[in-house]
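Which chain is which? The protein sequence lines are A and B, in order. For the first sequence, position 8 (counting from the first letter as 1) is numbered 15 according to this note's numbering, and the numbering increases by one without interruption. For the second sequence, position 1 (counting from the first letter as 1) is numbered -13 according to this note's numbering, and the numbering increases by one without interruption.
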Amino acid sequence: GAVVSQHPSRVICKSGTSVKIECRSLDFQATTMFWYRQFPKQSLMLMATSNEGSKATYEQGVEKDKFLINHASLTLSTLTVTSAHPEDSSFYICSARDRQGRPFQETQYFGPGTRLLVL
Amino acid sequence: ELKVEQNPLFLSMQEGKNYTIYCNYSTTSDRLYWYRQDPGKSLESLFVLLSNGAVKQEGRLMASLDTKARLSTLHITAAVHDLSATYFCAVVYSGAGSYQLTFGKGTKLSVIP
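Shown next, in the form of structure tokens:
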């Protein structure tokens, strides 16, 4: 099946620093990537939808200036948490949509997640 | 706004028993997914259900979809400890072509030996 990677898998940083998380589709082209955040014992919450070559669409309540998303190519999207604070500590998961799949077979492939801890 | 409700949220069951997890959603959707998540891990895709009456089975898990009732079930047969995990259903909202997934809150399943 399709593979999506994330890097890093785990990061610890000091409050006030910025952290970049990469999401790559390894064996397919992804016109759309999604970024989710999951707090402990909670469900996944969609943060933003990232389309290659255009600005990301953020969900209500997600600060676009704090969570910078760049989708510069069909295989790479990045999420940068700027000026991170302890409340940003979470599990961040990306997913990628395969552009080659027919619409009714379209599916999202999930990355392994990045655990962010802000001290 | 699409809402997805799962129940129960917590399920503790003995090995060998059967049980069903329910997933209700509020608006018409193209497809429904079931995922498994182990602690500290990402999501593992279990099933995708595309049409009314769809039924899929893999091992001790069987998923079904009733689009008229906007209900999907995940049935566990003769549970074993290895099935302990959190199970999420997710529904595609295809408004404006966005293909967003909306997740239920998850059902944490604990299978007791």
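For glycine and all other residues, C-beta sits at the position ideal for the given N, C-alpha and C. Keep in mind that this is a model prediction, so the values were computed, not measured.
Contact check for A/H78 and A/E59: beta-carbon distance about 5 Å, within the 8 Å limit, so the pair qualifies.
Legend: CB atoms of the region 31 to 64 of chain B lying less than 7 Å from CB atoms of chain A belong to residues V34, L36. A check of alpha carbon separations from B/M48 across B/R17, B/S96, B/S28, B/T59 identifies B/T59 as the nearest. Closer than 7 Å at the C-beta level to chain B, one finds these residues of the region 49 to 66 of chain A: S50, L51, L53, T56. Contact annotation: A/C30 and A/S84 have beta-carbon atoms nearer than 8 Å. About 20 Å separates the Cβ atoms of B/K42 and B/T72, ruling out a contact at the 8 Å cut-off. B/R46 is the residue among B/L18, B/R46, B/D52 whose C-alpha sits nearest the C-alpha of B/A64. Taking B/E(-9) as the centre and dropping the five residues before and after it, the same chain places the C-beta of N10, G90 closer than 7 Å to its C-beta, in chain order. In the DSSP annotation of this structure, the continuous segment of the beta strand (DSSP E) that includes A/Q13 starts and ends at 11 to 14. When DSSP states are grouped into helix, strand and coil, A/L81 belongs to the coil group. Going by DSSP, B/T88 is part of the beta strand (DSSP E) stretching over 86 to 89.
Of the candidates B/E(-13), B/C75, B/I98, B/C75 places its Cα closest to the Cα of B/V34. Beyond the five residues adjoining it in sequence on each side, B/R17 comes within less than 7 Å, by CB distance, of V34, L35, L36, V78 in the same chain, given in chain order. Using a CB distance cut-off of 8 Å, A/T39 counts as an interface residue toward chain B. Where B/D52 is concerned, the enclosing beta strand (DSSP E) starts and stops at 47 to 52. Taking 3 residues as the shortest admissible run, the region 35 to 97 of chain A contains the following complete beta strand (DSSP E) segments, listed from N- to C-terminal end: 37 to 45, 51 to 58, 74 to 80, 83 to 88. Close partners of A/I19 in chain B (Cβ separation under 8 Å) are lacking, with about 15 Å as the shortest Cβ gap. With respect to A/S102, A/V125 sits apart: the two C-beta atoms are not nearer than 8 Å. A/Q45 and A/T121 do not touch by the CB rule: their CB atoms are close to 11 Å apart, not below 8 Å. Residues of chain A with a Cβ closer than 9 Å to the Cβ of B/G90 are, in chain order, S50. Non-local beta-carbon contacts of A/S22 in its own chain, meaning distances under 7 Å to residues more than five positions away in sequence, involve A91, H92, P93, V125, L126 in chain order. One alpha carbon belongs to A/A37, the other to A/S61, and they sit about 13 Å apart.
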